[in-house]
Amino acid sequence: MYFEDYSKFLTAYDTFNDADFVIFGIPFDATTSYKPGARFGPDEVRNASWGLETFSPILKKDLIDVKICDKYNLLMEGNQSEIINRAYNASKDILEAKKIPVMIGGEHSVTYPVVKAVKSVYDDFAVIHFDAHCDLREEYMGNEQSHASVIRRTYDLTEDIFQFGIRSGDQDEWEFGWENTNISMEMPTKDDIKKIKELEKPVYVTIDIDVLDPAFVPGTGTPEPCGFTPKELINSLYLLEEIKEKIVGFDVVEVSPHYDIGKITSVTAAKIIRELILTISK
Numbered sequence: 006m007y008f009e010d011y012s013k014f015l016t017a018y019d020t021f022n023d024a025d026f027v028i029f030g031i032p033f034d035a036t037t038s039y040k041p042g043a044r045f046g047p048d049e050v051r052n053a054s055w056g057l058e059t060f061s062p063i064l065k066k067d068l069i070d071v072k073i074c075d076k077y078n079l080l081m082e083g084n085q086s087e088i089i090n091r092a093y094n095a096s097k098d099i100l101e102a103k104k105i106p107v108m109i110g111g112e113h114s115v116t117y118p119v120v121k122a123v124k125s126v127y128d129d130f131a132v133i134h135f136d137a138h139c140d141l142r143e144e145y146m147g148n149e150q151s152h153a154s155v156i157r158r159t160y161d162l163t164e165d166i167f168q169f170g171i172r173s174g175d176q177d178e179w180e181f182g183w184e185n186t187n188i189s190m191e192m193p194t195k196d197d198i199k200k201i202k203e204l205e206k207p208v209y210v211t212i213d214i215d216v217l218d219p220a221f222v223p224g225t226g227t228p229e230p231c232g233f234t235p236k237e238l239i240n241s242l243y244l245l246e247e248i249k250e251k252i253v254g255f256d257v258v259e260v261s262p263h264y265d266i267g268k269i270t271s272v273t274a275a276k277i278i279r280e281l282i283l284t285i286s287k
């Protein structure tokens, strides 16, 4: 058994067998380097989703027309290694069933077991990474599975990494990114998406909520000024319609409700999930 029961995401009442998208949370934040609390993110994002309409006027699609299952939260029993293994197995089961996993974090380290499962099922794949931070440290505080190292660990699985919105990292991280990943301080353009499409590979998308400016999303553990607006990010996500057949999963991480104001961070994360599900749905 992988999961425990919590409230469900908006309209996510289909069975696993019927669903095209499978939502689950990983409420883990043991490696947070500044302000902990992201372990409460999955539940708060679900709760906030019920403040949204199901219909997207931009996409002219409705969540009620999409088959979505919410498997609740991963069980948090054991140490980090055991949790990673459980998350990997759960994600692998979802992918092998030809479903699209939608993971809600938790801090960013929880992305690693999901991309590891993508590697196991698809072998060759690419990653699109939205974040304020490089997350390219070899280790942080002696932990190679820190949230500050998640994209470096992802690089161990694929060299096709496209990083957007990055504006923070130490010199070694930036030099590694400049040499080894497609790292940008801006949001993606149509040309960027065309480059990714030309790879003709499965794509996993990971979104750290702190890619947005903390004026819009104060509820995060490592806020970084000079970020983007929610509209800028969501407009960038609409560009992914060009590669929607290639997207095999995505996540939204680092929502930390304790530091939120009026739940604006949680509802922003919920809208990102709604719009991205609708963008890549048939």
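My numbering puts the first residue of the sequence shown at 6, with every later residue one more than the last. Beta carbons are placed, not taken as given, at the ideal position from N, Cα and C, and that holds for glycine.
Comparing C-alpha distances from Pro47 to each of Leu238, Ile248, Asp34 and Glu87 shows the shortest one belongs to Asp34. If you check the CB distance, Val216 and Ala275 do not come in under 7 Å. Cβ-Cβ distances below 6 Å link Ile63 to nothing in the same chain once the five nearest sequence neighbours on each side are left out.
Below 8 Å, enough C-beta pairs join the region 197 to 207 and the region 242 to 254 to call them touching: three or more.
Pairing Gln168 with Asp23, the inter-Cα distance amounts to about 33 Å.
C-alpha of Asp175 to C-alpha of Thr227: approximately 15 Å in a straight line. DSSP links Met108 through a beta bridge to Phe29 and Asp256. Contact annotation: Phe21 and Cys74 have beta-carbon atoms nearer than 7 Å. Within the DSSP bridge table, the entry for Cys74 names Tyr18 and Val27 as partners. The beta carbon of Lys268 is closer than 6 Å to those of Ala53 in its chain, skipping five residues each way along the sequence. Classified as exposed, Met190 has fewer than 16 neighbouring CB atoms from the shown chains inside 10 Å of its CB. With a contact defined as Cβ atoms closer than 8 Å, Ala122 and Asp165 miss out at about 17 Å.
In the DSSP assignment, the residues bridged to Val210 are Ile133 and Phe255. For the region 167 to 227, the continuous alpha helix (DSSP H) assignments of 4+ residues that do not extend past its boundaries occur at 176 to 185 and 195 to 203, in sequence order. For Ile105 and Gly42, the gap between their C-alpha atoms comes out near 27 Å. In chain order, Val120, Lys121 and Lys124 place their CB closer than 7 Å to the CB of Leu162, counting only its own chain and leaving out the 5 sequence neighbours on each side. Ala92 and Val107 have their C-alpha atoms some 12 Å from each other. Distance between Lys103 and Ile69, taken at the CA atoms: about 20 Å. Taking 7 Å as the cut-off, the Cβ atoms of Cys231 and Glu178 do not count as close.
Shown here for Gly182: same chain residues with a beta carbon closer than 6 Å to its own, the five before and five after excluded, namely Cys139, Leu141 and Ile188 in chain order. Counting only residues of its own chain and dropping the five nearest sequence neighbours on each side, Asp218 has a CB closer than 6 Å to the CB of Gly232.
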